[in-house]
Amino acid sequence: MSKKPPIPIFNHPIIETHCHLDYLEAAALQAALEAATAVKIERIITIGVSPDNLEKVLQLTQTYAQVWGTQGIHPHDAKDYSPAVEDQIRTHALHPKILAIGEIGLDYYYDHSDRRVQRQVFESQLQIAIDLNLPIVVHTREADEDTQAILQNFVGQLKQRGVIHSFTSGKALAEYCLSEGFCLGFNGISTFKPADNVREIIGMTPVEQILFETDAPYLTPVPYRGQQNEPKYLPFIVEQVAKVKSLEVETLLPQVWENSLRVFWR
4 MSKKPPIPIF NHPIIETHCH LDYLEAAALQ AALEAATAVK IERIITIGVS
54 PDNLEKVLQL TQTYAQVWGT QGIHPHDAKD YSPAVEDQIR THALHPKILA
104 IGEIGLDYYY DHSDRRVQRQ VFESQLQIAI DLNLPIVVHT READEDTQAI
154 LQNFVGQLKQ RGVIHSFTSG KALAEYCLSE GFCLGFNGIS TFKPADNVRE
204 IIGMTPVEQI LFETDAPYLT PVPYRGQQNE PKYLPFIVEQ VAKVKSLEVE
254 TLLPQVWENS LRVFWR
């Protein structure tokens, strides 16, 4: 069995813009946060996805200084959206450590919720972002046309933009989102051998519109694929994006740091 390379540590700190810390057990969470700090991951955003994790996300942001969060209902759980859930999102989103509305959007690959319901819930949460002047974190899979159509109906009112996270969609949606000022989030998929389509999108994305994420505990990057993902593996994604963009890592990192601050903290 070949020995795995150590995780790189760069001079410039990194922001993890999308993971799911509440999916880790308490002991594993503490270890994951310490391991992330050791490789200069200075800020971590953990993501709201379902009615039963909105409170957990908020609690994590209040427990750990380096953790921020979002509030939103993932398209998988759109069937569970309700006025009470919307009220909870709106209330929690007023907290200073809640930075965005998300993870919201459409998923026509799994279809865990009816597509019509997914669209309605996406639209409802876009309105929350507009009302609260917050950026959005968008999930889209096998739903490029409907995602673009819905965004087109709301983007004029979205003073903040946000990110299309874990971008694996087609070139047309990428071009539209970039033209409207959204960032694209790239994660461990960029290191997977079959993911030439993702690397092509990285190549066409301006450096000023790139964000780094792990989507931990999923999508562990090569060379640790097969193990549970954690924010500490983010440097491998940084290296891959730098390689695709033909940039030095220490040139790329300050710009993406600035992108993250612009999207979520300003």
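Residue numbers for the sequence shown follow our numbering, beginning at 4 and rising by one.
All C-beta atoms, glycine included, are put in the ideal place defined by N, C-alpha and C.
From this set, the options, which residue's C-alpha is nearest residue i's C-alpha?
i    : options              : result
E126 : A103, A152, E145     : A152
P234 : A34, H95, T94, K162  : A34
H23  : E216, A41, V88, H115 : E216
Measuring straight from C-alpha to C-alpha, what distance separates residue i and residue j?
i    : j    : result
E203 : V244 : 11 Å
H79  : K248 : 33 Å
T150 : T143 : 7 Å
S53  : V60  : 10 Å
K270 : T73  : With the chain running from 4 to 269 in the structure shown, residue 270 is simply not present.
Q258 : E19  : 14 Å
A29  : Y111 : 33 Å
A210 : F195 : Here residue 210 turns out to be Val, not Ala, going by the sequence shown. Looking at the two C-alpha atoms, the distance is approximately 21 Å.
Q128 : R93  : 9 Å
E183 : L176 : 11 Å
I167 : K6   : 34 Å
V201 : G108 : 19 Å
L137 : E251 : 32 Å
I76  : F13  : 34 Å
L237 : N190 : 8 Å
V140 : G206 : 21 Å
K246 : N262 : 19 Å
For residue i, which residues from the same chain have a beta carbon less than 7 Å from its beta carbon, with the 5 sequence-adjacent residues on both sides left out?
i    : result
L27  : A35, P220
S172 : T143, D147
DSSP on residue i, reduced to helix/strand/coil?
i    : result
I104 : strand
R202 : helix
G188 : strand
D117 : coil
L214 : strand
W268 : coil
Q74  : strand
L181 : helix
Sorted by chain position, which residues of the same chain lie with C-beta nearer than 8 Å to residue i's C-beta, five sequence neighbours on each side aside?
i    : result
G229 : T223
R122 : L109, D149, I153
For residue i, I'd like the list of residues in its chain whose CB is within less than 6 Å of its CB, leaving aside the five on either flank, ordered along the chain.
i    : result
V158 : E183
Inset, instruction - Starting from the N-terminal side, write out each stretch of the alpha helix (DSSP H) that is 4 residues or longer and does not extend beyond the segment 127-167. - result: You should have 147-157.
Inset, instruction - At 3 residues or longer, and completely inside the segment 7-58: list those beta strand (DSSP E) runs for me, N to C. - result: Counting whole runs of 3 or more residues, the segment 7-58 contains the beta strand (DSSP E) stretches 17-22, 44-49.
Legend entry - alpha helix (DSSP H) runs wholly inside the segment 225-262, at least 4 long, in chain order: Counting only runs of 4 or more, we get 237-248.
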